[in-house]
Amino acid sequence: MQFSDVESDLTEILLTEEQIHDTIAGLAARIDADYAGKTPLLVGVLRGAVMVMADLARAITIPIEMDWMAVSSYGSSTQSSGVVRILKDLDTDLHGRDVLIVEDIIDSGLTLSWLLQNLRGRGAASVEICALLRKPEAAKVQVDVKYPGVDIPNAFVVGFGLDYAEKYRNLRGIAVLAPHVYS
Ligand code: IMP
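In my numbering, the protein residues as written are 671 to 853.
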């Protein structure tokens, strides 16, 4: 899906497909260098991180493994509740593993700070975070993101895996959702 397919639902284009591609290539190069000689386990947070994971995993040139977690976040509203619940847990034993959490966006940071603590408690050798987008103005807790992509304004955005009520995930770029869609 292109921006033009849902033009009236969007107010501002934040990242084009090409900009996302370049950002992910830069993140992958850093991950390649930092994890050389290791086989990190990339943990994708469903469902928003599916696109980031797919592109990041293919841009990385060292061996990796992938696993997935699903945690509750927004439902159909646009405000973080801070309540985190595991809907689907990992299948992989984390003992001694180098874990890299792959996220689409960090908003309040509540989900990730909880996830970080949870995974660090499972005996991993290291746990780091890669997040394509970050909303610094929305941060309620400070989360140390080793591989941050792009900082964006505090607005509700959709595309490249990010949804509103399960829609717009297949939009190729990332854009601000028009308030009339959710108000
Ligand atoms: P946090 O706990 O507030 O950091 O929110 C984390 C989760 O909320 C993300 O993984 C997304 O699934 C969702 N989220 C936060 N901001 C947005 C947004 O602007 N658009 C779509 N989903 C969002």
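All C-beta atoms, glycine included, are put in the ideal place defined by N, C-alpha and C.
Given the structure is predicted, the values throughout are model-derived calculations rather than measurements.
Please state the DSSP three-state secondary structure of E836. coil
Span of the beta strand (DSSP E) around D675: Careful: D675 lies outside any beta strand (DSSP E) and carries neither H nor E.
Using a Cβ-Cβ cut-off of 7 Å (strictly less than) and excluding sequence neighbours within five positions of S746, which residues of its own chain qualify? Note that S746 has pLDDT 46, beneath the 50 cutoff, so the model's placement of it is unreliable and the number below is only indicative. Contacts found: A835.
Alpha-carbon spacing of V676 relative to I776, whole angstroms: Our two residues, V676 and I776, have alpha carbons roughly 24 Å apart in a direct line.
Can you give the Cα-Cα distance for G843 and D821, rounded to whole angstroms? 15 Å
What does P818 pair with, by DSSP beta-bridge criteria? A801
Can you have a look at I694 and say buried or exposed, based on whether 16 or more other CB atoms are within 10 angstroms of its CB? Buried, since its Cβ has 16 or more Cβ neighbours within 10 Å.
Compare the C-alpha of E807 against each of M739, A719, M721, N824 and name the closest. N824
Close-in-space but distant-in-sequence residues of the same chain around A740 (CB under 6 Å, 5 per side omitted): Taken in chain order, the residues that qualify are L716, L757, K758.
What three-state label does DSSP hand V720 in the structure shown? helix
Is A729 helix, strand or coil when you go by DSSP? helix
When the Cα atoms are used, what is the spatial distance from Q812 to G779? Rounded to the nearest angstrom, the two C-alpha atoms are 7 Å apart.
Mark Y852 as exposed unless 16 or more other C-beta atoms lie within 10 angstroms of its C-beta, in which case mark it buried. By the 10 Å Cβ count, Y852 comes out exposed.
Closer than 7 Å: I776 CB and nearest the ligand IMP heavy atom: yes
If we count the other Cβ atoms within 10 Å of its Cβ and call it buried at 16 or more, is R755 buried or exposed? exposed
Under 8 Å between C-beta atoms of G831 and A719: Against a cut-off of 8 Å, the Cβ pair of A719 and G831 comes out as a contact.
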